Amino acid sequence: MDIKKIEKKWQEKWEAAKFNRFDPADKEREKLYVLEMFSYPSGAKLHIGHWYNYGPTDSYARFKRMQGYNVFQPMGFDAFGLPAENYAIKTGIHPKDSTLKNIETMEGQLKAMGAMFDWSAEIKTCTEEYYKWTQWMFLQLYKKGLAYRKEAPVNWCPSCNTVLANEQVVEGRCERCDSPVVRKNLTQWFFKITAYAEELLSGLDTVDWPEKTKNMQRNWIGRSTGCEIEFECENGEKFKVYTTRCDTVYGVTYVVLAPEHPLARKLTTPEQRDAVEAYIDYASRANEIERLSSTREKTGVFTGSYCTNPVTGKKIPIYLADYVLYSYGTGAVMAVPAHDERDFAFATKYGLPIVKVIEKQGGETILPFTEDGIVACSSPFDGLVGEEAREKIAACIASVGKGGKKVNYRLRDWLVSRQRYWGAPIPVIHCKKCGAVPVPEKDLPVKLPYDVEFRPDGKSPLAKCEKFMNTTCPKCGGQALRDPDTLDTFVCSSWYYLRYADPKNDKAPFDREKVDRLLPVDVYVGGAEHSCMHLLYARFFTKALRDMGYLDFDEPFKRLVHQGVILGPDGNRMSKSHGNVVSPDDYVNEYGADAFRLYLMFGFSYTEGGPWNDDGIKAISKFMDRVEKLVNRAAGIGKKQELPFGAEEKALNYARNFNIKRVSEDMEAFSFNTAIARLMELTNALYKYDGLTGEKNLWLFRETVKDLVLLLAPCAPHFCEELWEMLGGKGFVFEQPFPKEDQAALVLDEKEYAVQVNSKIVCRVMIPTAYSEKEIEEYVQTLPEVAEKTAGKSVKKCIVVLGRLVNLIVG
RNA sequence: GCGGACGUGGCGGAAUGGCAGACGCGUCGGACUUAGAAUCCGAUGGGGCACCGUGCAGGUUCAAGUCCUGUCGUCCGCACCA
């Protein structure tokens with residue numbers, strides 16, 4: 078078979094018949110939205126990871142289509158982003174040009190893969206038609222109060238005079254010029270994802286996702302219940318701390334504010350001013366990674382001020398230390414050195430008192446003791462333990478108006494401003510008189526200008542493009558400037574699955590009715606690296622849009638599957654620097670797209686992945702040849718009368734139906750390697766039957782070969798279309814229903830049992846399926862092998878596992 | 001440091017608590033060939049043939065790769081979250 082020719086042949090036929098198009102008008106069949114995470118066109122070609130994500134998932138989609146679903150499987154490109162911009166800086170090729178060129182190549186390759194993508198629904202996030210609606214999303218979130226501005230630190234390279242993304246910071250230095258990177262505050266846009274923290278957490282219980290992914294999101298959201306406690310300073314200033322251990326509040330010997338805390342300078346006494354300023358400066362230099370390292374030695378400085386412990390009335394010192402994070406809780410903590418490791422280390426270093434207020438139950442208390450224990454030296458709460466102590470103490474604090482119970486989340490609001498060129502411009506105008514004014518919807522899109530100096534020279538690319546920046550205020554008509562920042566590309570990918578439902582709409586991001594019909598996504602397949610960011614952002618968008626009345630469902634992705642990672646042959650992640658990149662192209666050229674897809678499905682456990690190894694690819698090719706030979710033999714067989722149906726026929730028919738059942742189950746479970754193994758078994762069974770002498774039931778043979786082709790079709794689409802045609806089948810093979818097993822054929826007259834005596838295998842024996850447990854028990858005792866072991870002993874117990882095993886316990 | 005997943009032949013990998021190693025690669029043997037390639041058929045965990053085998057040590061069970069406890073190793077995620 079000329080693989081190249083038949084691939085082209087069937088791709089053209091599918092195309093001509095618009096066979097891959099989803100038909101929204103078809104109400105007969107149940108819709109099924111199968112979605113693969115769209116491609117990021119940073120490189121020109123598809124790599125093995127693309128094939129591994131898209132090939133097997135396409136086979137799943139085709140399988141569901143044959144099972145009678147109206148399948149929608151779209152594809153598009155997540156086309157904005159930093160790599161294209163960096164590439165442009167390096168080569169001078171404009172990001173738009175390189176991206177569109179890459180997309181064109183990838184489209185061609187994706188089509189050559191033979192996946193049934195509905196290209197009529199294709200989207201590219203960098204086109205005006207798309208990012209217009211990304212900007213619209215921003216405006217809706219703004220209207221709803223879910224987009225706001227605040228100061229936030231960025232990585233700043235003082236030498237390049239520019240903002241760096243985290244990945245451009247290498248060991249605290251600028252990747253380009255090697256100068257130390259500092260943190261600098263800029264006013265930036267945020268999305269208030271924290272408003273949905275509770276629902277993002279509880280919604281996880283309603284989706285069919287890998288448990289691991291759900292746990293990662295739970296940790297990322299990081300719900301914690303504790304208590305806020307207010308401390309009052311000598312000068313009258315008040316601040317709150319957050320703690321999960323209010324049962325230790327009598328052991329507080331000092332408090333610590335984050336260096337960025339607004340009260341940090343206000344509470345500094347003149348004598349401490351220099352030391353505090355120096356410390357704040359020191360803390361601002363430390364980059365995020367250093368700062369967050371738990372092994373970093375604790376540092377801090379005394380402010381010179383004191384505050385009062387609200388429960389003991391004692392005067393305690395106020396410190397600044399960068400082990401306290403301004404962004405979590407209240408940015409201030411009460412320090413209990415006796416019962417917290419960090420506080421213990423800090424107090425030891427700075428000679429602060431350590432007061433024990435918790436005793437270990439039934440043992441010696443060794444400080445720092447951080448577990449729950451018996452409250453002591455905390456009258457009137459002495460003797461209480463753990464949760465009960467916390468409840469009582471929190472209630473007491475609440476009753477005197479000094480705070481009370483509080484839930485906190487680790488989740489932060491989503492910073493969406495990027496000081497970059499290649500993204501969707503933020504649709505906001507800054508007016509001296511009116512402040513930040515959203516661009517009116519009728520003026521969208523705010524077009525990203527083409528002629529821009531994106532090479533770094535001290536200013537962000539859009540900021541120095543006067544044509545872009547200068548505009549008029551939509552409110553007062555006065556002179557105003559545009560926001561020079563672009564949106565994080567995760568904003569684009571937070572709603573693309575909705576746009577696929579209505580990709581050409583120029584009046585709205587999507588039509589409600591169309592989205593209602595298609596969404597939510599039934600099966601979403603993509604890399605586990607998106608467990609937290611993309612998948613959380615997309616869920617947030619869905620919930621926000623629902624609350625604005627644009628949608629009517631809570632979760633965008635009902636079922637989620639992560640494919641594993643194909644590593645280089647050396648077991649490392651494929652990368653140019655490792656020199657272990659395996660290109661799919663050579664294999665596809667030599668063996669064809671179908672063989673390559675089959676091999677990816679067969680050679681790895683789909684969700685595990687593993688090191689690349691091509692040992693088995695020839696075997697797949699051979700397997701296909703074997704199937705083709707069977708088809709050649711079966712093709713010439715017409716209907717016959719008076720056919721034998723003896724034991725051999727029964728065995729073949731059993732193999733046929735058993736494998737239909739197993740392949741269906743395995744495909745549904747994304748267990749592709751075992752599905753292909755079943756198909757090989759069926760192929761072997763057919764060869765075995767074909768090799769028999771004597772009269773054969775050729776019609777059964779033919780029908781079984783036909784089923785084999787249908788079962789294999791989702792995994793080797795072009796190949797099986799061709800085989801289907803050879804068998805004289807009408808229409809496309811994908812118009813045929815996926816075979817269903819005949820239950821009657823799965824009922825055997827007898828089954829092989831393992832016979833055990835005292836849990837040791839004695840023999841194997843065929844037992845009629847009609848036998849009852851009692852009959853089986855009696856029967857096995859007549860076997861000579863069993864009699865030998867049970868001689869002179871009595872049977873105390875007999876365990877029968879129907880169809881599998883008998884275990885006689887004797888003694 | 002915390003959390004999670006995983007650990008099975010020479011290799012990739014299978015096994016609702018019920019015959020460990022499906023399927024395939026590789027290897028060995030045979031058939032067909034002048035010969036090779038291709039193809040087909042068969043064998044293939046180890047072994048002293050009593051048994052022993054799923055990283056290691058225990059436990060639960062009639063029965064454990066599977067469940068429980070501990071331990072070692074690999075990978076992933078989070079990482080001063082008070």
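Take the first sequence: its letters are residues 78 to 888, numbered as in the numbering used here.
Where a beta carbon is used, it is the ideal one built from N, C-alpha and C, also for glycine.
Everything numeric in this text was worked out from a predicted model, so none of it was measured.
Do you know offhand how far residue 365's Cα is from residue 742's?
Summary for residue 365: the model assigns pLDDT 49, below 50, so the residue's position carries little reliability, and this model does not support an answer.
Do residue 498 and residue 563 have their C-beta atoms closer together than 8 angstroms?
yes
When we look at the beta-carbon of residue 797 and count the other beta-carbons within 10 Å, is it buried (16 or more) or exposed?
buried
Please give the ranges of any beta strand (DSSP E) in the segment 259-314, keeping only runs that are unbroken, at least 3 residues long and fully inside the region.
259-268 and 301-310
Exposed or buried, residue 438, counting other C-beta atoms within 10 Å across all chains shown (16 or more means buried)?
exposed
Taking 8 angstroms as the threshold (C-beta atoms), are residue 628 and residue 619 in contact?
yes
Taking the alpha-carbon positions, what's the residue 71 to residue 112 distance?
Since the displayed the chain opens at 78 and closes at 888, residue 71 lies outside it and no answer follows.
Just checking my contact of residue 412 with residue 326 at CB under 8 angstroms: how many whole Å lie between their CB atoms?
Contact flag wrong, Cβ pair sits at about 11 angstroms.
Which full runs of the alpha helix (DSSP H) of 4+ residues lie inside the segment 731-813, going along the chain?
749-767, 775-789 and 794-803
Between which two residues does the alpha helix (DSSP H) containing residue 361 stretch?
350-362
Buried versus exposed call for residue 93 [16 or more other C-beta atoms within 10 Å across all chains shown]:
exposed
So, is residue 615 buried or exposed, given that buried needs 16 or more other C-beta atoms within 10 angstroms?
buried
Under DSSP, the alpha helix (DSSP H) around residue 140 begins and ends at which residues?
125-143
What beta strand (DSSP E) runs, 3 residues minimum, are completely inside the segment 647-692?
686-688
Just to confirm, are residue 681 and residue 757 a CB contact at a threshold of 8 angstroms?
no
8 angstroms contact criterion, which residue 383 and residue 395 should meet: CB distance rounded:
7 angstroms
What residue ranges within the segment 505-586 form continuous alpha helix (DSSP H) runs of no fewer than 4 residues, ordered along the chain?
543-546, 566-569 and 573-576
Spatial neighbours of residue 197 in its chain, beta-carbon cut-off 7 angstroms, leaving aside the 5 residues before and after:
98
Burial state of residue 671 (16 or more Cβ within 10 Å)
buried
With distances taken between CB atoms, is the gap from residue 827 to residue 846 smaller than 8 angstroms?
yes
From which residue to which residue does the beta strand (DSSP E) around residue 833 run?
827-834
When you compare the CB positions of residue 753 and residue 835, do they come within less than 8 angstroms of one another, or not?
no
Buried or exposed: which applies to residue 881, given that a residue is buried once 16 or more other Cβ atoms fall within 10 Å of its Cβ?
exposed
Quick one: is residue 823 buried, meaning 16 or more other Cβ sit within 10 Å of its Cβ, or exposed?
exposed
What does the Cβ neighbour count give for residue 808, buried or exposed, with the cut at 16 atoms within 10 Å?
exposed
Let me confirm a value: residue 537 is counted as buried when at least 16 other C-beta atoms fall within 10 Å, else exposed. Which label applies?
buried
For residue 304, count neighbouring Cβ atoms within 10 angstroms of its own Cβ and tell me buried if that reaches 16, exposed if not.
buried
Sequence-distant residues of the same chain with beta carbon closer than 8 angstroms to residue 782, five excluded per side
707, 708, 710, 711, 763 and 804
In three-state terms, what does DSSP make of residue 88?
helix
State the DSSP-derived secondary structure class of residue 239, mapped to helix, strand or coil.
strand
Residue range of the alpha helix (DSSP H) that residue 716 falls in?
Segment: none, residue 716 is in no alpha helix (DSSP H) and carries neither H nor E.
Taking the CB atoms as reference points, tell me whether residue 661 and residue 125 lie closer together than 8 angstroms.
yes
Give the C-beta separation of residue 492 and residue 267 to the nearest angstrom, bearing in mind that I take them to be a contact with Cβ-Cβ under 8 angstroms.
6 angstroms
Using C-beta distances below 6 angstroms, list every residue in its chain close to residue 658, excluding the 5 sequence neighbours before and after it, in chain order.
651
Beta-carbon proximity of residue 295 to residue 281, cut-off 8 angstroms
yes
Taking the beta strand (DSSP E) that residue 599 belongs to, which residues open and close that run?
598-603
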